[in-house]
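Colleague: In order, the protein sequence lines correspond to chains A and B.
1 is the number of the first residue of the first sequence in the UniProt record's numbering; add one for each residue after it.
1 is the number of the first residue of the second sequence in the UniProt record's numbering; add one for each residue after it.
Just so you know, even glycine gets a beta-carbon here, dropped at the ideal spot from N, CA and C.
What follows is a structure written as structure tokens; I'll ask about it next.
Number of protein chains: 2
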Amino acid sequence: MYENLAIVGATGAVGRLIRQLLEERKFPYKTIKFLASKRSAGTEITFNGTTHTVEELTPESFEGVDIAIGSTPDEAAAEFAPWAVKAGCVVIDESGYWRMKEDVPLVVPEVNPEAVHNHKGIISSPNCSTTQMVVAMKPLHEAGKIKRVVVSTYQATSGAGVVGEEDLINGAKAVLNGDTYQNKAFAHQIAFNLIPQIGSEKYEGYTSEEMKMVYETQKIFGDDSIKVCPTCVRVPVTNCHSETIMVETERPISPAEARELFEKAEGITVVDNLGAGEYPMPKDCSNKNDVFIGRIRKDLSCENGLTFWCVSDNLRKGAATNAVQIAELLVRTQAAV
Amino acid sequence: MYENLAIVGATGAVGRLIRQLLEERKFPYKTIKFLASKRSAGTEITFNGTTHTVEELTPESFEGVDIAIGSTPDEAAAEFAPWAVKAGCVVIDESGYWRMKEDVPLVVPEVNPEAVHNHKGIISSPNCSTTQMVVAMKPLHEAGKIKRVVVSTYQATSGAGVVGEEDLINGAKAVLNGDTYQNKAFAHQIAFNLIPQIGSEKYEGYTSEEMKMVYETQKIFGDDSIKVCPTCVRVPVTNCHSETIMVETERPISPAEARELFEKAEGITVVDNLGAGEYPMPKDCSNKNDVFIGRIRKDLSCENGLTFWCVSDNLRKGAATNAVQIAELLVRTQAAV
Chain A
1 MYENLAIVGA
11 TGAVGRLIRQ
21 LLEERKFPYK
31 TIKFLASKRS
41 AGTEITFNGT
51 THTVEELTPE
61 SFEGVDIAIG
71 STPDEAAAEF
81 APWAVKAGCV
91 VIDESGYWRM
101 KEDVPLVVPE
111 VNPEAVHNHK
121 GIISSPNCST
131 TQMVVAMKPL
141 HEAGKIKRVV
151 VSTYQATSGA
161 GVVGEEDLIN
171 GAKAVLNGDT
181 YQNKAFAHQI
191 AFNLIPQIGS
201 EKYEGYTSEE
211 MKMVYETQKI
221 FGDDSIKVCP
231 TCVRVPVTNC
241 HSETIMVETE
251 RPISPAEARE
261 LFEKAEGITV
271 VDNLGAGEYP
281 MPKDCSNKND
291 VFIGRIRKDL
301 SCENGLTFWC
311 VSDNLRKGAA
321 TNAVQIAELL
331 VRTQAAV
Chain B
1 MYENLAIVGA
11 TGAVGRLIRQ
21 LLEERKFPYK
31 TIKFLASKRS
41 AGTEITFNGT
51 THTVEELTPE
61 SFEGVDIAIG
71 STPDEAAAEF
81 APWAVKAGCV
91 VIDESGYWRM
101 KEDVPLVVPE
111 VNPEAVHNHK
121 GIISSPNCST
131 TQMVVAMKPL
141 HEAGKIKRVV
151 VSTYQATSGA
161 GVVGEEDLIN
171 GAKAVLNGDT
181 YQNKAFAHQI
191 AFNLIPQIGS
201 EKYEGYTSEE
211 MKMVYETQKI
221 FGDDSIKVCP
231 TCVRVPVTNC
241 HSETIMVETE
251 RPISPAEARE
261 LFEKAEGITV
271 VDNLGAGEYP
281 MPKDCSNKND
291 VFIGRIRKDL
301 SCENGLTFWC
311 VSDNLRKGAA
321 TNAVQIAELL
331 VRTQAAV
């Protein structure tokens, strides 16, 4: 039974959303504890009408805990997950640290729910830019087998945490007032600018964020033959990542068929009426759990190509929602056993 | 001889830049006149130290004029260009109206200078999003023959004129102050948002702006076999368009070779050192005439694919600079005859 929960990194932006989602979705539990670094320990939070004190994360934190949802920096995840596993707890981890490790399934419930069972104590949730893309790819891949993806991202500042959002908001105020602003999260001004680098240099001129989109996509689909060419760009948008996605499939899929597939798919909302000026936009997709798709059309440069526009709340489906869905999947599939 | 000039639409954002460029580049002329709509006629402007009064554009405006550079809306261009041609004047037109007409060469001097001579009075300058892309494509096409392009744009609000910039700046102020703002240029809020539509619905789910990138590219290279799949997106950036460009070539071109080709090409500046956080960004490329290229790397999804990031000032190389360069080309090649 998964009835005793722990939320690790409970006071961060994603941690706060995880708490909110557990309340909204009436996640079943007997006990719950909220863990964070020493700095945040002692903070009082209200959950389902009860006040809880955030506890400091220690090797002993996971005694009697069945399931832990973690949203922490990579280094913290590397440290705490083994503590949890040792205590017999299953960890659902948001960080990048465990995703590509063998024996750690990388799960998006709409895409590879079956993978959730192949864990040895740790289950990873993918990077935000990957998650929305694989949700969009799934029905197309099932219908026509995707061979190749060319993706360009338009990523919001909330992906860089609270300081990322501050760099945008306070940076914009400074530009508008003719003041200077010292960036905290980004290497360059983001207000009224674009930064074509997310993460550090990783492989052959690609960044770490870009290579996540390559490797995580292959792992989630269990198919190394899916080739991905990503360019990740930070844009001056507060929340919600957007992507232009071009897919080449083995069997051609018409825009009409793609629309039908998307409309039937779990976790996808189609907003696609160009003539009426209707398509997904970041300002409309914030605080929603779905992946939104529009501008569906045939690729004019390739016989079996299809292209579309995809927007999703990077803190929700890109992080908190996906983690909570994995926990729900664990609880549900166990209940069915 | 091209010695008597007219600037049509002289008081607009691009018209102002054309005047500035003619001064900066010491464009040779004997007489110059500045034309605009009735609304702007009577405005006094200073050019090369002399005060000129802007005249109203009429069918008689082009008597004795040898060369007219026009930056007006399509409807105005449709009307005035025949007046000019009838008076024996050569028109270099920035608008979209004449670009795809037979007998109207569409010229980017770095790409197809030879086309400039095939005019019957009207020469067109391409759409801003096309121009920077074809400048980038040219050396690669010459070296390896481009078969296919997948391009995603990140287009600045200045492309929608002064009101476009106002929608961004005043819209951002409103968002930051919790006020409401009524958009003038755009159908949706652009501040802290993205709009995946530029222009109107045109063909099979593509917008007019996107189809310009398809057709204009083929016309400029004189090669309908070059296939282009564009997605055009408006971003909350004041000035300079950015593009992720993926090209597939007949002969493979390595990133190292591409870098060398770009570095040797006219009109291109390479800024490409990811490890040092160096790449072109809109904030750095404003008020410059070149096309800036960075993030050059092999496409991971295709054998003969190459991908890169391209930024250029859409009011300069995307409009005013290209038009003035066409005028210079005309003057220079005539002088050589």
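State the Cα-Cα distance for the pair residue 327 of chain A and residue 227 of chain B, rounded to the nearest angstrom.
Modeller: 45 Å
Colleague: What residue does the beta strand (DSSP E) around residue 14 of chain A start on, and which one ends it?
Modeller: Unbroken run through residue 14 of chain A is the alpha helix (DSSP H), 13 to 24; no beta strand (DSSP E).
Colleague: Which residues, in chain order, does the stretch 165 to 182 of chain A contribute to contact with chain D at a C-beta distance below 8 Å?
Modeller: Protein chains in the displayed structure are A and B, and chain D is not among them.
Colleague: Rounded to a whole number of angstroms, what is the C-alpha to C-alpha distance between residue 253 of chain B and residue 200 of chain B?
Modeller: Straight-line measurement puts the Cα of residue 200 of chain B at about 36 Å from the Cα of residue 253 of chain B.
Colleague: Using a C-beta to C-beta distance shorter than 8 Å, which residues of chain B count as neighbours of residue 327 of chain A?
Modeller: Per Cβ cutoff of 8 Å: no residues; residue 327 of chain A is ~31 Å from chain B at best.
Colleague: Look up residue 334 of chain A in the DSSP assignment and say whether it is helix, strand or coil.
Modeller: helix
Colleague: Assess contact between the stretch 244 to 251 of chain B and the stretch 137 to 152 of chain B, defined as three or more Cβ pairs (one per stretch) separated by less than 8 Å. Is contact present?
Modeller: yes
Colleague: Could you tell me whether the stretch 269 to 276 of chain A touches the stretch 148 to 167 of chain A, where touching means 3 or more Cβ pairs closer than 8 Å?
Modeller: Judged by Cβ distances under 8 Å, the stretch 269 to 276 of chain A makes no contact with the stretch 148 to 167 of chain A, as fewer than three pairs qualify.
Colleague: Using a Cβ cut-off of 8 Å, which residues of the stretch 284 to 305 of chain A contact any Cβ in chain B, in chain order?
Modeller: 294, 295, 296, 297, 298, 299, 300, 301, 302, 305
Colleague: Comparing C-alpha positions only, which one of B/334, B/330, B/321 sits nearest to residue 25 of chain B?
Modeller: B/321
Colleague: For chain A, check one thing: does any of its Cβ atoms lie closer than 8 Å to the Cβ of residue 337 of chain B?
Modeller: With a pLDDT of only 47 at residue 337 of chain B, under 50, the local geometry of the prediction cannot be trusted, and no value is derived from it.
Colleague: Grab me the residues of residue 337 of chain B's own chain with a C-beta within less than 6 Å of its C-beta, minus the 5 sequence neighbours each way, in chain order.
Modeller: Confidence at residue 337 of chain B is low in this model, with a pLDDT of 47, below 50, so the placement of that residue is unreliable and no value is reported for it.
Colleague: Using a C-beta cutoff of 8 Å, does residue 309 of chain B count as contacting chain A?
Modeller: yes
Colleague: How do the stretch 90 to 103 of chain B and the stretch 44 to 59 of chain B stand: do at least 3 beta-carbon pairs fall below 8 Å, yes or no?
Modeller: These segments do not touch.
Colleague: Label residue 332 of chain A either buried or exposed according to how many other C-beta atoms from any shown protein chain fall within 10 Å of its C-beta, with 16 as the threshold for buried.
Modeller: exposed
Colleague: Can you name, in chain order, every residue of its own chain whose Cβ lies under 7 Å from the Cβ of residue 215 of chain A, other than the five neighbours on each side?
Modeller: 100
Colleague: Taking the alpha-carbon positions, what's the residue 203 of chain A to residue 211 of chain A distance?
Modeller: 7 Å
Colleague: Taking DSSP as the reference, what is the three-state secondary structure of residue 142 of chain A?
Modeller: helix
Colleague: Pick helix, strand or coil for residue 226 of chain A, following the three-state DSSP scheme.
Modeller: For residue 226 of chain A, the three-state secondary structure derived from DSSP is coil.
Colleague: Residues in the same chain with beta-carbon distance under 7 Å from residue 409 of chain A, minus the five sequence neighbours each way, listed in chain order, please.
Modeller: No answer is possible for residue 409 of chain A: the residues shown for chain A start at 1 and end at 337.
Colleague: For residue 148 of chain B, decide whether its Cβ has a neighbour in chain A, counting only Cβ atoms nearer than 8 Å.
Modeller: yes
Colleague: Looking only at its chain, what residues have a beta carbon closer than 7 Å to the beta carbon of residue 168 of chain B, apart from the 5 residues adjacent to it on each side?
Modeller: 157, 190, 191, 236, 238
Colleague: For residue 267 of chain B, does the count of other Cβ atoms within 10 angstroms reach 16, so buried, or fall short, so exposed?
Modeller: buried
Colleague: Please state whether DSSP places residue 108 of chain A in a helix, a strand or coil.
Modeller: coil
Colleague: Just to confirm the assignment, what range does the beta strand (DSSP E) spanning residue 221 of chain A have?
Modeller: No beta strand (DSSP E) contains residue 221 of chain A, which is instead part of the alpha helix (DSSP H) from 208 to 221.
Colleague: Since residue 164 of chain A and residue 241 of chain A should fall inside the 8 Å C-beta cutoff, what is the C-beta to C-beta distance between them, to a whole number of angstroms?
Modeller: 12 Å between Cβ atoms; not a contact.
Colleague: Which term fits residue 39 of chain A, buried or exposed, when burial requires 16 or more other beta carbons within 10 angstroms of its beta carbon?
Modeller: By the neighbour-count rule (16 or more Cβ atoms within 10 Å), residue 39 of chain A is not buried but exposed.
Colleague: Quick check for students: name the residue ranges of the beta strand (DSSP E) that lie wholly in the stretch 131 to 210 of chain A, counting only runs of 3 or more.
Modeller: 146 to 154, 201 to 203
Colleague: Round the Cβ separation of residue 245 of chain B and residue 149 of chain B to the nearest angstrom and send it over; I've been treating them as touching at under 8 Å.
Modeller: 6 Å
Colleague: Could you compute how far the alpha carbon of residue 1 of chain B sits from the alpha carbon of residue 233 of chain B?
Modeller: 42 Å
Colleague: Taking 8 Å as the CB-CB limit, is residue 321 of chain B close to chain A?
Modeller: Residue 321 of chain B is outside the set of residues whose beta carbon lies under 8 Å from a beta carbon in chain A.
Colleague: Confirm, please, whether the CB-CB distance from residue 247 of chain A to residue 300 of chain A is below 8 Å.
Modeller: Cβ atoms of residue 300 of chain A and residue 247 of chain A: not closer than 8 Å.
Colleague: To which residues of the same chain is residue 5 of chain A closer than 6 Å at the C-beta, ignoring the five residues directly before and after it?
Modeller: The beta carbon of residue 5 of chain A sits closer than 6 Å to those of 29, 32, 67, all from its chain and outside the five residues before and after it, given in chain order.
Colleague: Would you list the one or two residues that DSSP bridges to residue 4 of chain A?
Modeller: A/31
Colleague: Relative to the C-alpha of residue 348 of chain A, which residue among A/79, A/77, A/85 is closest?
Modeller: Because residue 348 of chain A is not part of the residues shown, which for chain A are 1 to 337, the question remains open.
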